[in-house]
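Number of protein chains: 4
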Amino acid sequence: MTKLEEKVFRDPVYGYVHVYDQLIWDLIQTKEVQRLRRIKQLGGTYMVFHTAEHSRFSHSLGVYEMARKIIRALMHRGTILSEDERLLVLSAALLHDLGHGPFSHSFESVFSVRHELFTERIIMENTEVNRVLEAYQKGFATKVRDVINKTYPNPLIISIISSQLDADRLDYLLRDAYFTGAPYGEIDVERILRTMRVVNNKIVYKVSGMHAIEDYLMSRYQMYWQVYLHSTGRSFDLVIQNMLRRVRELIFSGYEFKRPLGALKDLFLEEDPSVETYLKFDDSTISYYASLFTDEEDEILRDFADRFINRRLLKEVHYTPNDETNEKLKQVKEYMIELGINPDYYLLTDHSVKTPYDYYGHKTNCLPDCIELLMRDGSIQEISEVSTIIKGIIAVKPKQEHKVYFPLDLIRLSPDGEAKQRILELLHENVQ
Amino acid sequence: MTKLEEKVFRDPVYGYVHVYDQLIWDLIQTKEVQRLRRIKQLGGTYMVFHTAEHSRFSHSLGVYEMARKIIRALMHRGTILSEDERLLVLSAALLHDLGHGPFSHSFESVFSVRHELFTERIIMENTEVNRVLEAYQKGFATKVRDVINKTYPNPLIISIISSQLDADRLDYLLRDAYFTGAPYGEIDVERILRTMRVVNNKIVYKVSGMHAIEDYLMSRYQMYWQVYLHSTGRSFDLVIQNMLRRVRELIFSGYEFKRPLGALKDLFLEEDPSVETYLKFDDSTISYYASLFTDEEDEILRDFADRFINRRLLKEVHYTPNDETNEKLKQVKEYMIELGINPDYYLLTDHSVKTPYDYYGHKTNCLPDCIELLMRDGSIQEISEVSTIIKGIIAVKPKQEHKVYFPLDLIRLSPDGEAKQRILELLHENVQ
Amino acid sequence: MTKLEEKVFRDPVYGYVHVYDQLIWDLIQTKEVQRLRRIKQLGGTYMVFHTAEHSRFSHSLGVYEMARKIIRALMHRGTILSEDERLLVLSAALLHDLGHGPFSHSFESVFSVRHELFTERIIMENTEVNRVLEAYQKGFATKVRDVINKTYPNPLIISIISSQLDADRLDYLLRDAYFTGAPYGEIDVERILRTMRVVNNKIVYKVSGMHAIEDYLMSRYQMYWQVYLHSTGRSFDLVIQNMLRRVRELIFSGYEFKRPLGALKDLFLEEDPSVETYLKFDDSTISYYASLFTDEEDEILRDFADRFINRRLLKEVHYTPNDETNEKLKQVKEYMIELGINPDYYLLTDHSVKTPYDYYGHKTNCLPDCIELLMRDGSIQEISEVSTIIKGIIAVKPKQEHKVYFPLDLIRLSPDGEAKQRILELLHENVQ
Amino acid sequence: MTKLEEKVFRDPVYGYVHVYDQLIWDLIQTKEVQRLRRIKQLGGTYMVFHTAEHSRFSHSLGVYEMARKIIRALMHRGTILSEDERLLVLSAALLHDLGHGPFSHSFESVFSVRHELFTERIIMENTEVNRVLEAYQKGFATKVRDVINKTYPNPLIISIISSQLDADRLDYLLRDAYFTGAPYGEIDVERILRTMRVVNNKIVYKVSGMHAIEDYLMSRYQMYWQVYLHSTGRSFDLVIQNMLRRVRELIFSGYEFKRPLGALKDLFLEEDPSVETYLKFDDSTISYYASLFTDEEDEILRDFADRFINRRLLKEVHYTPNDETNEKLKQVKEYMIELGINPDYYLLTDHSVKTPYDYYGHKTNCLPDCIELLMRDGSIQEISEVSTIIKGIIAVKPKQEHKVYFPLDLIRLSPDGEAKQRILELLHENVQ
C-alpha cells in the first residue's frame, strides 16, 4: 500500500493524530466517515455538560490514533503484525462507529435499529467506504467487518478494538473527560501501553502496570456515574425518544403533518431501511425536524419538540422500587390522567446500574471480558485475583439508581385541585 | 433582585461557571440563548481543527464568567459598582453574541445582515430575553443594549465587555485554544486580573502586569494566524457563501427548487427580515438545507452543497498582487470559462492582515483602542510607549496574506487540453 | 489584626498562594519556617522520582492555602468562624510540619525523636515563631499547639487540619503528584469544597460529592503504592538510617572521627536535645556529613556514606514470610557473615501495608477516622455504608508487601565460593 | 554498543525520559552526574518562586531526552546519523552542565572559575564519567568535549546541543516554567520537531513552523524577565556572592575562623583548583558553611550568612544611570560610611538587558546565532526577514533595567540622624 508523507490532525487529547497510510487517509475523506462530524459523541449529554459538543468523527479519529499507539507499543516489544493486519486494525478502529445514528440510544430504541448492524452494512454495501476498502484489497471490507463483529479468527486483532481495555474505551474516556471537563478521565495511558505484552495471542499486562489499570477502571466507573448516566442527560434522551415515538404514533394513526416528513417517514415505513435512507440522519436532521414540529397541531408532539429545542427537561425523583412506591406511582398515573397529562409519555421510570469491572470470574475463557496480568514468575492471573481493590469491588452488589421522570412544569401549570396537589405530594420528597 | 443558591456549570476552561443571580439564571433558560447551542463558535474552523465543535452558547457562558471574575477583581480592590450595574455587565456579557447567525461571517455577507443589529433587536423586540430583562427592571433591556452598542454613559461598564482586553476576547482565546488544541492560547488571566485598576473610570493595568499583557497580545496574534485565518477554514466559509449566493441567484432568476425553501426563502425575500425568521437559522438549518440541495438540478448549487456536506474544499495558492499575477489570474479566468467552470463561483481571491495590537498612537482618546499602564509613579502610559516588544511590533508593516481559491478537483476532472494544462501551470507553484 | 495588602506566592499547584494577614506573613518570614526550605518533602523519594525535590516549605504554604480555601468555602455557606479561630486554623496549617527533621522517618527512627514533639516545642519555646504568635495575642501559641495536637476544644477547627480529608492530605497528594509526575493525584478539590457542610460542628459532605471523595481515596491509595512506599525510596531511607546508626554506634564505642562531628554529636549525646540543636539539622547538614564520611576509616560508615552520595542503593526481593522463607533468610545471614558482610546493616526486612480508607466501622465516634455524608433526607451516614466502592474495598484484606533489602553489589564483589553462590541462589528468584 | 532493555524515568515535563543505551545508563550512574542532584537548576530563584527547587540533574536528563527526540525527528525524515554520532549527541546533552558549581553565577564570579572549563576537565580528567566514555570507545571523551566546546567538525551535531533552538534551551524553558509555575513556558515542541529539516548539514525549519518559533522566542523573553532576571533572585545571588567574597577577603587578611574551612579554603588557595576539590562543592556545602558562618565574629560575614539562611534579602530601587543619579549614589555611599555600613558590600548596582532574539543580521555565517527557515520555494531565509514579529522586535532598542541593591533593614536599624534620613530620601521614590 502506498505510504503517505505523514499527515497530522491537531487533536487536544493527543497533541496530534498521525496518518501514514493512503488507505486511512482515503477512508477519512469518505462521506460516511465525514457524516460522523454531524453526530455528537455523547448525544444529549451537552444539555448537562454544555461543552460536550464533540462529534463521533473526532472520537473515531481518536480510536484510530489509540489503536496506532497500541500497535506501535506491541510491535516495539516484539509482536509481529503483517502490514495487512496492521491496516485491518486501524481501519476497524476508524470505522467501528460508522453506523451510529443521531442521539444513538434514543434513536435506536424508537426505530428498532441497531447501530452495529448499520456499521456492518455501511462497510459491506454500496458506499464510498466499501469502495476504498475493496480498492485496497479485494475482500478487505469483509475482514474489517469481521474484526468489528468479533468474528475475525485472530483474537489479538479483535482485542485491540474490543476488550475491557481497548482503543475505543481508552479514547472515549480521555476524550469525554476532556470535553465535559469532568476531572475523572485522567488515565496513565503511557504506563498501560508500556506494560502490554502478547502471550498466547492475547494482550496481557505486566503486573507492574496493575495500579494504572485499577486507576483506569475507577475512572471508567466515575465517568459512568458522573457523565454517562447523569439524570439530566437521560432526561433529554427521554425527550427525544418521546418526540420520535409520538411521530411514529401519529404516522400510523394517519395524522396529517403540516410539512412533508421526507426521510423521517421513509425510516418509519420502510420494512428494512436502506443504508441510503439511514445515512441521511444526523443531529442536524433531528434538530431541523424538531424545529418544524414546534408548529404542529398535536399537543404532545409540539410539547416534546419545544422541550428539545428550548431545553425544557423533565424532572426526576429517586425512588426504591417496592410495593409502596409502585402503589404511589400508580396513583400519580391516575391523577395525571385526571389532569389530561398522558402518563405514557410523561411518567417514565429509569434504572441504572454499573460496576467498575464487569467480570465475575469464569476462568476458562475470559476474553474479552477480563483483564489478565503477567506475573513476575511468568504466570497469568486474572486481575481480581491480584488486586485487592478490584477484588473488593466485585465482592459487593453493584451500585444502582431508580428514577422516575415527570413534567414538573406542566403539573405546576395545571389547574389547582386535589390531583395536582396529590401528585406534588407523592413525588414530593426529592423535588426541590 | 432575588439571589439564588449558587448554581454551577462544569466548564473545562474555568472549572465551573458560577451563577448567583436569578436574572442570569432566567436569561440562560430563554430560547434565544439556548439557540446559541446550535451555532458553532468558530463556524467552519472544525473542518481544519476537527474538535473545534464548541458552540456560541458555551462561549456566552464563558464571557459571562469572565466578566464576573473581572467585576469581582475590581470590587475586591475598591471599585464600586451598584447592584444594577453589576447585573448590567453580566447580562450584556451573556447576551452580546445573541444575534449571530450560523457560520456567521459567511451568512452575514450573503444576507447583508449584521449580527450586531440582530443582537440589538433580539434584546429589544418581543422575545423571551426581552421579557426577562424588563421583568427585572423596566428599561433594563435598553441599558443592556446600550452597553453592547457602546453608547452607555459609563465607559467602565462598556470596557469590561468591549476593549482590547475584554471578557469577550479573554474567553474566546482561552476557549478556542482549548477546543482546537492550538497551544497558543494560554494566558495568565490571574495576573491580568490582579493588576487591573480603575483610574478615571477606565481600566488600566499596573506595570507589573505588562509582561502578561504582552503575552496575551502575542497569543491573540498567534491564534489569528494559526486558527482564525487558516486557509482551510476560509475555504469552507467560501463554500458556504457560494452555496447561499447560488440559492439567492436561483431564487431571483425564478428557478424551481425540488422542495419548498421555507424560512430560507423568507430570509431572502423579506425586505427587512423579522427576528422570528432570523432566529430560525442555526447550523442545523443550513446543514439540513445543504443535504437537500445535494439533489438539486442546478449544477453549481449541487456541487457546493456536496462540498459542504462531504468536505470537498477548494484549494488555495498564495500570491503577491501585482501586474504580473493579476494578468495570470485573468488568464486563469478565461481558461476556466473555456472548461465550463464559472469563475464567479470558482476563482476567489482572499486577503488577510493582522497585527498583534491595533493601536497606532492617538493619545487624546485611546479608549477602547489601547491598553494603558499604571506606572510606579502613578502616571498612565499607553503600553507601546513602555513595552519594547509592542513598540517593535507596531513599528513594522503588519503581516498580510493574499490567496486565490479554486476547485482543483473539478479542473483535474476536466477534459485534457490546453486550457486545463495552462490553468494548472499558472496556479502551479504552490499546488501540491 | 492588621490586614495586609494581598501578597501572593506563585505556586504551580494553585496558581497563587494568597496571604492577607500580617500574622501569616510574619510567620512565613521566621527562621523556623524558612528552615523548611532545606528539607525535602518526600525524603529519599527523589532517588526514584528524580523531580521530587520539593521542600516542606512549599508544602507548608500549600496546606495554609488549602486551609484558606476550606475556610472560605465553609464561611461562604454560613459557617461562622471568629477572626481568631480563622487565624488559628491558618497558623496551625502553616506550622504543622515545623518539627520535621531531614529525611524524616529515617532521622526519627535513629534519634528516637518524634517530629510532632518538636513541632510542639518550636511553637512553645524560645523561637521566632513563638514570638510572632504571642505578639499577635498572649496565649496564641498554646492554642496553635492544641489545634495541631488535636486537643483544642472545637473539633471543627481540628478537622480542617487533621482528618481523613484535611488540608494537609489534600495538599500533599496534589503537590506530590505534581512534582513526581505520578498521574494519580488529580483530585476534584472544587467539588469537595463545594459539597462540604458543617453539621453538629463537624465537617460532612453532601452525598452529591461522594464520587469525588471515592476518587480522592483511590488517588491516595495509588500515591501510596506508586510513590510513598516505592522500593527504591525505601532503599535510600535504609541507607540513611544505616549511616546514622553507624555513627551512633561508633560514637558510643569511642571511635575517633577524622573531623569534629559538631552538632551531630550533640544530638546523639544530649539527653533531651534542645530545640536549638535540633533546628541545625536539615538536608544539607546530612548531605554535608555524608560527604565527610566518605573519607572515614570505618568501612561500614564509609560504604553507607558513599551509597548516600553516589546513589548506590540496596536491592530488594519480595517474599512471603513463613517458616521456609525465614529459614532461608537465616541461611543468607550466616553466609553473609562468612563473607564479612554485617547482616545487621546489610540484610534488612521491610513490611508495607495500606488500605485506601482506614475506617473499620465504629459508629459511636468516628471523628477523625471516618468520612460522613449528608444524605438528601438530612441524615448523616458514614461513607462506606453508601459507597459500594468503599464498602467493597474495606471488605477485603488490605494489600501488603514484604521485602528484604541487601547489597547486591557487595555480594557480587565478594570472592567466589559457596557462600556467595548460595546467597545469590537464595535471593535468586526476583533479582534481575 | 550494548542495547539495553528500555529503562524509563518518570518526568513530569515529558511523561517519561527513555534510555535505550548502556552507555547513557552508565553515565547517569556516575558520581559526577549524580552530584548534579545536589545543585539547584536555578540557583537562588527558589527564594522568589518557592517551588523552583529542581536540580541540574533533572535538567540534564531533560536535555538528554530532548536531544533524543530531536535525533528521532531528524532520522525519521531522512537524516543519517551513525550510531557513534547519535551517542555522541546524547552523551554531550547529558553531560553539558557537569561543571556547574552551586549557585553557579555567584560561585563563578567569586572564584573566577568558569563552569565550561570544569565541564571539559570532568570529561577529560580522571573521573568516572571519563572512564565510562573511554570504555565505550577510546577517544570518545575528547569527541564529547569537542561537541560541548563547539569545536567538533560536524556543525549539525553541535547545533542539537548549542544553537538558538537547541535541546538545552528547549528543556530549560519547559522545565523552569513547570517548576516555577510561570505560565510563559508553553512551547509547541511537537510542531518545532515536525518542521525541522537538515539542509547543508544545518538544521532549518519549514516556514510552516515559523509561528511556533516566534512563540518560543517570546516565551524565552518572558521567562527572562519574569524568572531569570527577577530582582529577588538577583538579590539572593548578591547575598551569596558577598558572603563568599567576604570569606576570601578574611582568608587573605589572616582572619581566624572558628572552625576549619576545609575544602573552601583549598578552593581559594589552590592556584588552579583540582577537579577533585571542585566536585566537593554543591548547594549543601554552601548551605552548611553558611550555617557555620552565622556564628562568626566578623560582622559582615555573619550578616550575609544569616541573610542566606534566613532569607533576609537586600532591597532594590530602579534607576536610570546619568549624572544626577550617579551623584545621588555617591552621596548614599558617603552617608552609609557614616553609619558604619560598608558600601563595598552593601551598595550594589546591577544591570539587565535582554532581547527575545539576539541576531542582528550578518548573513554570511549565521550559525549558531540565527534561526533559518526553509521557504516553500526551497530557499533559506533568516527568520527576521520573514517574520514581522521578529523584525519588529529587533528593530527597537532592547529592554534594559538598572537597579541598585541596599540593606533597608540595616539602615532602618541605624541610629536616627541626618545620614539615615538622607539615605532613605535619596533612595526614596521606589522604596515601599
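Residue numbers (this note's numbering), protein chains in the order written: chain F, 42 to 473; chain G, 42 to 473; chain L, 42 to 473; chain P, 42 to 473.
Even for Gly, the Cβ is constructed at its ideal location relative to N, Cα and C.
Proximity winner among P:Gly433, P:Gln263 and P:Tyr376, relative to P:Ser9 (alpha-carbon distances): Lying outside 42 to 473, the shown extent of chain P, residue 9 of chain P is not represented and no answer is given.
Short CB-CB distance (under 9 angstroms) between F:His359 and chain L: For the purposes of this step, residue 359 of chain F is identified with residue 318 of the first sequence, where counting begins at 1. Yes, its Cβ sits closer than 9 angstroms to a Cβ of chain L.
Members of the segment 215–233 of chain P near chain F, C-beta cut-off 8 angstroms: Glu231
F:Tyr257: contacting residues in chain P (beta-carbon distance under 8 angstroms): Taking the first sequence and counting its residues from 1, one reaches residue 257 of chain F at position 216. None at all; the shortest Cβ gap to chain P is about 16 angstroms.
Unbroken alpha helix (DSSP H) run spanning L:Met264, endpoints: Position 223 of the third sequence, counted from the start, is the residue given in the question as residue 264 of chain L. Note, L:Met264: alpha helix (DSSP H), Met251 to Met264.
Heavy atom of the ligand COA within 8 angstroms of P:Ile430 beta-carbon: Of ligands this structure carries none, so the ligand COA is not represented either.
Closer than 7 angstroms at the beta carbon, the chain L residues around F:Val437: As a position in the first sequence, residue 437 of chain F is number 396, starting the count at 1. Thr429, Lys432, Gly433 and Ala436, listed in chain order.
Any chain G beta carbon closer than 9 angstroms to F:Gln63: Indexing the first sequence from 1 puts residue 63 of chain F at position 22. Chain G contact via Cβ: absent.
Proximal residues, the segment 56–90 of chain G versus chain L, C-beta separation under 8 angstroms: Gly56 and Tyr57
Which of helix, strand or coil DSSP assigns to P:Ser204: Stepping through the fourth sequence from its first residue, residue 204 of chain P is reached at position 163. Of the three classes helix, strand and coil, the one that applies to P:Ser204 here is coil, per DSSP.
Cβ shell of P:Arg463 (< 6 angstroms), same chain only, five flanking positions each side left out: If you number the fourth sequence from 1, residue 463 of chain P lands on position 422. Around P:Arg463: Tyr376.
Cross-strand partners of G:Phe447 (DSSP beta bridge): The residue given as residue 447 of chain G occupies position 406 in the second sequence. According to DSSP, which records beta bridges pairwise, G:Phe447 is partnered with G:Lys356.
Proximity test, Cβ basis, 9 angstroms: L:Tyr262 and chain F: Taking the first residue of the third sequence as 1, we reach residue 262 of chain L at position 221. Interface residue, yes.
Best match in P:Glu73, P:Thr120 and P:Ile69 for proximity to P:Leu131 [C-alpha to C-alpha]: By one-based count along the fourth sequence, residue 131 of chain P stands at place 90. Checking every option, the nearest Cα to that of P:Leu131 belongs to P:Ile69.
Interface residues of the segment 435–465 of chain F facing chain L [CB-CB below 8 angstroms]: Ile435, Ala436, Val437, Lys438, Pro439 and Lys440
Per-residue burial, P:Gly250 [other beta carbons within 10 Å of its own, 16 or more giving buried]: Along the fourth sequence, one-based indexing puts residue 250 of chain P at 209. The residue in question, P:Gly250, is buried, as its Cβ has 16 or more Cβ neighbours within 10 Å.
In chain order, each alpha helix (DSSP H) run of at least 4 residues that lies wholly inside the segment 266–350 of chain G: 272–293, 304–310, 316–320 and 324–334
Proximal chain L residues relative to F:Gln267, where beta-carbon distance stays under 8 angstroms: If you number the first sequence from 1, residue 267 of chain F lands on position 226. By Cβ distance, chain L contributes His252.
CB-CB length for G:Ile233 against G:Ala218, believed under 8 angstroms: Position 192 of the second sequence, counted from the start, is the residue given in the question as residue 233 of chain G. Position 177 of the second sequence, counted from the start, is the residue given in the question as residue 218 of chain G. Their Cβ separation, rounded to whole angstroms, is 16 angstroms, which puts G:Ile233 and G:Ala218 out of contact at 8 angstroms.
Cβ pair count under 8 angstroms reaching 3, the segment 212–231 of chain P against the segment 81–90 of chain P: yes
Cβ neighbours of G:Phe322 in the same chain (closer than 6 angstroms, five flanking residues each side left out): What you label residue 322 of chain G is simply residue 281 of the second sequence in a count that begins at 1. Closer than 6 angstroms at Cβ, skipping near neighbours: Gly142 and Pro143.
Beta-carbon spacing of P:Ala108, P:Ile201 below 9 angstroms: Residue mapping note: residue 108 of chain P aligns to position 67 of the fourth sequence, counting from 1. Residue mapping note: residue 201 of chain P aligns to position 160 of the fourth sequence, counting from 1. Against a cut-off of 9 angstroms, the Cβ pair of P:Ile201 and P:Ala108 comes out as a contact.
Closer than 9 angstroms to chain P by CB, G:Ile397: In the second sequence, residue 397 of chain G corresponds to position 356, counting from 1. At residue 397 of chain G the sequence reads Pro, which differs from the Ile that was named. Yes - at least one Cβ of chain P is within 9 angstroms of the one on G:Pro397.
Residue interval of the beta strand (DSSP E) (run including P:Arg51): In the fourth sequence, residue 51 of chain P corresponds to position 10, counting from 1. Residues Lys44 to Asp52.
DSSP beta-bridge partners of G:Asp62: Taking the second sequence and counting its residues from 1, one reaches residue 62 of chain G at position 21. According to DSSP, which records beta bridges pairwise, G:Asp62 is partnered with G:Lys44.
For G:Arg353 and G:Glu46, the rounded distance between their alpha carbons: By 1-based counting over the second sequence, the position of residue 46 of chain G is 5. By 1-based counting over the second sequence, the position of residue 353 of chain G is 312. Answer to the nearest angstrom: the Cα atoms are 50 angstroms apart.
Contact belief for L:Thr429 with F:Pro439 at Cβ below 8 angstroms, rounded distance in angstroms: Within the third sequence, numbered from 1, the residue matching residue 429 of chain L stands at position 388. Within the first sequence, numbered from 1, the residue matching residue 439 of chain F stands at position 398. Right, their Cβ atoms sit about 6 angstroms apart.
Contact check, P:Thr390 vs P:Tyr269, beta carbons under 9 angstroms: By 1-based counting over the fourth sequence, the position of residue 390 of chain P is 349. By 1-based counting over the fourth sequence, the position of residue 269 of chain P is 228. Cβ atoms of P:Thr390 and P:Tyr269: not closer than 9 angstroms.
Within 9 angstroms, strictly: CB atoms of F:Leu333 and F:Arg300: In the first sequence, the residue the question calls residue 333 of chain F occupies position 292. In the first sequence, the residue the question calls residue 300 of chain F occupies position 259. Going by C-beta atoms, F:Leu333 is nearer than 9 angstroms to F:Arg300.
Local Cβ density within 10 Å of P:His359, reported as buried at 16 or more and exposed below that: If you number the fourth sequence from 1, residue 359 of chain P lands on position 318. Flag for P:His359 reads exposed.
Cβ distance (whole Å) where G:Gly140 is taken to contact G:His156 below 8 angstroms: In the second sequence, the residue the question calls residue 140 of chain G occupies position 99. In the second sequence, the residue the question calls residue 156 of chain G occupies position 115. With 8 angstroms as the limit, G:Gly140 and G:His156 qualify as a contact, their Cβ atoms being about 4 angstroms apart.
Unbroken alpha helix (DSSP H) run spanning F:Glu157, endpoints: Sequence index remark: in the first sequence, residue 157 of chain F carries index 116 (1-based). F:Glu157 -> alpha helix (DSSP H) spans His156 to Met165.
When L:Val316, L:Val239 and L:Arg453 are compared against L:Ile121, the one with the closest alpha-carbon: As a first step, residue 121 of chain L is located in the third sequence; it is residue number 80 there, counting from the start. Measuring from the Cα of L:Ile121, the nearest candidate turns out to be L:Val239.
Beta-ladder partner(s) of L:Ser96, from DSSP: Here residue 96 of chain L is taken as the residue at index 55 of the third sequence, counted from 1. L:Lys81, per the DSSP bridge assignment.
Buried or exposed (CB count within 10 angstroms, at least 16 for buried), P:Arg172: As a position in the fourth sequence, residue 172 of chain P is number 131, starting the count at 1. Classification of P:Arg172: exposed, given that the 10 Å Cβ count is below 16.
Any chain L beta carbon closer than 9 angstroms to P:Asp187: In the fourth sequence, the residue the question calls residue 187 of chain P occupies position 146. No, no contact with chain L.
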